[in-house]
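So the structure is just underneath, and the comments pick up after that.
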Amino acid sequence: MNSMCYYPTYEEMLYPEKIDNSCREKAIKALKKDELNSINLFNITWKDKSNKVRKLVLPKELTGVNANILVLLGNDFPSGSHKVGPAYATLIESYLDGNMIPGKHTLLAPSTGNFGIGAAYICKLMGYDSIVVMPENVSNERHERIKKYGGKLSLTPPSESDVIFTLEKTYELAKNNSNYRVLAQFEFFSNYRFHRYVTGNSAIEAAKNIGNGKIACFCSAPGSGGTLAAGDEIKKVFSQCQVTAVEPFECSTLSNGRRGQHRIEGIGDKMCTLIHNVLNTDYIACIKEKEAMLGFKILHDYGKALEEVGVSSKLAQYMKNIFGPSGICNILGAIKMAKYLNLGSDDNVVTIATDGFDRYGSVLKKLNKEFKEDNNSTVKQWIKDVFLNQDINEIYDFRSSEAKERLYKQKEKDWLHFGHSKEYLDSMRTMNFWDREYVKINDYNEKIKKFRNKHMI
Ligand SMILES: Cc1ncc(COP(=O)(O)O)c(C=O)c1O
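For the sequence shown, counting from 1, position 381 maps to 392 in this note's numbering; every step adds exactly one.
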């Protein structure tokens, strides 16, 4: 890689057209053909090669609502999900701050999968060893992908607190080895910065020529809560936007503290993460995990039935591989909120598909035993039940300060335990805290540029 092509700035991740031309061209060529070439760091963006946000406006024959439901598509990020963005942001910031040194430090990535995949991938590209700490019951494809990128696995048992166990195990490992450093996605504001700036502004751009060009509602099911930070930026531009966190009904930790098992990998991590800005969470919508799993199967397996309800055959074919279960959960949350908020054909609801089908073949196989169709009318009924007749139950209003208090208490329960002080947690109760974290992007953009100039040949 030539010196200009070292590391992208936040600005270049949002505006890849600002990347040096020859780097950009090389990066675009490498995306599908040379995955392990570090030039792929310049492919960490929501934009395609013509600088358009990768998105899909869902057909109304599927959503059954007048509002436009826009889904930002994450599957074409390097490593197959947008989680590579926070992994890179966290590593580059820590590297420039002198806290993570290649060849010296091994990086630990606590994760439910995609952050681990992204972290193992980024470590491979930037010359670090990595260990991904994650619950053992995530899809086998995730394990394989991490190993393919040279990451080691440290698995924790499935349980009602599996992600908490994962964090505890991470810190135990780090305590016992001074050369370990933690890529702490649930705690480091690099994750917040990446999504508020890169995802938030990409969402705003994506909505520009659709409906009234504004965003009435942004829906994201939190794992680390990073993606939800896009809502902070959207609200700065469209103050009326209702930011909605989506949860599995069976694991509604944010809504009411429930920590049940569910199968929607990557979300419902059973905590209010440190980087979750409670101030901007307006609603929480719960989706039954069975509906998300069945919706995922419908879009992958039943193109013909989708055509019969009016979806074009081209679109039915395209939708087959671009969603995982969490993307469907987000879509169902978006449909629910469009109905609940009574949104019309001028209004836009934006949501996210973090990854695509490629890591869920084994998950689908298991679903095939659970959902058996006898004929096409069964499938058409499923489409109605899951998408078209999505109800408006289990939506909680979190706009009042009393309701937010529940989330603050949850955060205390989750994070005092890991050594963060009450004063620190309390300092997050004003928007100043979040804006101060956000503007650090300018410093990191400058640091990256300085680093590149220094290494110019
Ligand atoms: C498949 C999937 N969906 C959604 C999410 C949630 O994204 P975030 O961690 O930004 O909240 C994750 C996070 O790992 C994920 O892997």
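Backbone N, C-alpha and C define an ideal beta-carbon position, used for all residues, glycine too.
Please identify the residue among the options whose C-alpha is closest to the C-alpha of residue i.
{"i": "residue 267", "options": "278, 417, 365, 357", "result": "417"}
{"i": "residue 140", "options": "122, 149, 130, 147", "result": "130"}
{"i": "residue 483", "options": "198, 273, 368", "result": "Within the shown structure, residues of the chain are numbered from 12 to 468, placing residue 483 beyond reach of any answer."}
{"i": "residue 26", "options": "216, 111, 333", "result": "216"}
{"i": "residue 362", "options": "256, 453, 55", "result": "256"}
{"i": "residue 254", "options": "260, 275, 289, 277", "result": "289"}
{"i": "residue 54", "options": "63, 45, 233, 38", "result": "38"}
{"i": "residue 174", "options": "353, 82, 192, 148", "result": "148"}
{"i": "residue 400", "options": "444, 349, 378", "result": "349"}
{"i": "residue 207", "options": "404, 90, 236", "result": "236"}
{"i": "residue 218", "options": "133, 263, 94, 357", "result": "357"}
{"i": "residue 241", "options": "264, 287, 270", "result": "287"}
{"i": "residue 142", "options": "136, 152, 128, 151", "result": "128"}
{"i": "residue 125", "options": "176, 332, 88, 187", "result": "88"}
{"i": "residue 74", "options": "51, 317, 410, 374", "result": "317"}
{"i": "residue 291", "options": "369, 444, 259", "result": "444"}
{"i": "residue 63", "options": "24, 94, 40", "result": "24"}
{"i": "residue 346", "options": "60, 77, 35", "result": "77"}
{"i": "residue 2", "options": "260, 31, 295", "result": "Absent from the model: residue 2. The displayed extent of the chain is 12 to 468, so no value can be given."}
{"i": "residue 34", "options": "51, 47, 429, 44", "result": "51"}
{"i": "residue 423", "options": "453, 282, 150", "result": "282"}
{"i": "residue 369", "options": "99, 48, 154", "result": "154"}
{"i": "residue 67", "options": "425, 448, 31, 220", "result": "220"}
{"i": "residue 410", "options": "99, 293, 439", "result": "293"}
{"i": "residue 138", "options": "95, 106, 152, 437", "result": "106"}
{"i": "residue 134", "options": "48, 440, 341", "result": "48"}
{"i": "residue 258", "options": "342, 186, 202", "result": "342"}
{"i": "residue 96", "options": "202, 233, 376, 435", "result": "202"}
{"i": "residue 308", "options": "322, 397, 321", "result": "397"}
May I ask you to check if the CB of residue i is nearer than 7 angstroms to at least one heavy atom of ligand 1?
{"i": "residue 233", "result": "yes"}
{"i": "residue 307", "result": "no"}
{"i": "residue 157", "result": "no"}
{"i": "residue 125", "result": "yes"}
{"i": "residue 119", "result": "no"}
{"i": "residue 391", "result": "no"}
{"i": "residue 255", "result": "no"}
{"i": "residue 237", "result": "yes"}
{"i": "residue 281", "result": "no"}
{"i": "residue 7", "result": "Nothing about residue 7 can be reported from this structure: the residues present for the chain run from 12 to 468 only."}
{"i": "residue 173", "result": "no"}
{"i": "residue 276", "result": "yes"}
{"i": "residue 366", "result": "yes"}
{"i": "residue 469", "result": "Because the chain spans 12 through 468 in this model, residue 469 falls outside it and cannot be assessed."}
{"i": "residue 335", "result": "yes"}
{"i": "residue 266", "result": "no"}
{"i": "residue 33", "result": "no"}
{"i": "residue 422", "result": "no"}
{"i": "residue 92", "result": "yes"}
With a cut-off of 8 angstroms on the beta carbons, I'd call residue i and residue j a contact; round off their distance for me.
{"i": "residue 79", "j": "residue 306", "result": "About 19 angstroms separates the two Cβ atoms, so there is no contact after all."}
{"i": "residue 102", "j": "residue 194", "result": "6 angstroms"}
{"i": "residue 366", "j": "residue 92", "result": "4 angstroms"}
{"i": "residue 459", "j": "residue 18", "result": "5 angstroms"}
{"i": "residue 21", "j": "residue 455", "result": "6 angstroms"}
Does the beta carbon of residue i sit closer than 8 angstroms to a beta carbon anywhere in chain D?
{"i": "residue 438", "result": "Checking the listed chains, one finds no chain D in this structure; it contains a single protein chain."}
Tell me the start and end of each unbroken alpha helix (DSSP H) in the segment 349 to 385 that is at least 4 residues and wholly inside, in chain order.
Counting only runs of 4 or more residues that sit fully inside the segment 349 to 385, the alpha helix (DSSP H) segments are 372 to 381, in chain order.
What ranges does the beta strand (DSSP E) occupy inside the segment 200 to 247, keeping only unbroken runs of at least 3 residues that lie completely in it?
Every beta strand (DSSP E) stretch that sits fully inside the segment 200 to 247 and reaches 3 residues is listed by chain position as 228 to 231.
Is it a yes or a no for the segment 309 to 320 touching the segment 212 to 229, going by three-plus beta-carbon pairs under 8 angstroms?
No: fewer than three Cβ pairs fall under 8 angstroms.
Answer yes if the segment 106 to 123 comes into contact with the segment 387 to 403, meaning at least three C-beta pairs across the two stretches below 8 angstroms, and no otherwise.
The segment 387 to 403 vs the segment 106 to 123: no contact.
Quick one: which unbroken alpha helix (DSSP H) runs of 4-plus residues sit fully inside the segment 55 to 87? Chain order, please.
Whole alpha helix (DSSP H) segments, 4+ residues: 71 to 74.
Is the segment 175 to 186 in contact with the segment 118 to 135, if contact means three or more CB pairs nearer than 8 angstroms?
Of all C-beta pairs linking the segment 175 to 186 to the segment 118 to 135, three or more are shorter than 8 angstroms, placing the two stretches in contact.
Within the segment 129 to 171, note down every full beta strand (DSSP E) run reaching 3 residues or more, in order along the chain.
Fully enclosed beta strand (DSSP E) runs of 3 or longer: 140 to 146, 163 to 167.
Assess, as a yes-or-no matter, whether the segment 155 to 167 is touched by the segment 234 to 253 under the definition of 3 or more beta carbon pairs within less than 8 angstroms.
Contact check between the segment 234 to 253 and the segment 155 to 167: fewer than three CB pairs, one atom from each, fall below 8 angstroms, which does not count as touching.
At a cut of 8 angstroms, does the segment 270 to 279 reach the segment 379 to 390 through at least three beta carbon pairs?
Short answer: they don't touch.
Counting only runs that start and end within the segment 281 to 339, where is the alpha helix (DSSP H) found for 4 or more residues in a row?
Within the segment 281 to 339, the complete alpha helix (DSSP H) segments at least 4 residues long are 300 to 312, 314 to 319, 324 to 330, listed from N- to C-terminus.
How do the segment 292 to 303 and the segment 328 to 347 stand: do at least 3 beta-carbon pairs fall below 8 angstroms, yes or no?
Result yes; three or more Cβ-Cβ pairs closer than 8 angstroms.
Can you give, in chain order, each stretch of the beta strand (DSSP E) that sits fully within the segment 105 to 129 and has at least 3 residues?
With a minimum length of 3 residues, the unbroken runs of beta strand (DSSP E) contained wholly in the segment 105 to 129 fall at 117 to 121.
Counting only runs that start and end within the segment 248 to 283, where is the beta strand (DSSP E) found for 3 or more residues in a row?
Here the runs fully enclosed are 253 to 259.
Completely contained beta strand (DSSP E) runs for the segment 377 to 440, where each covers 3 or more residues
Qualifying beta strand (DSSP E) stretches, in chain order: 406 to 408.
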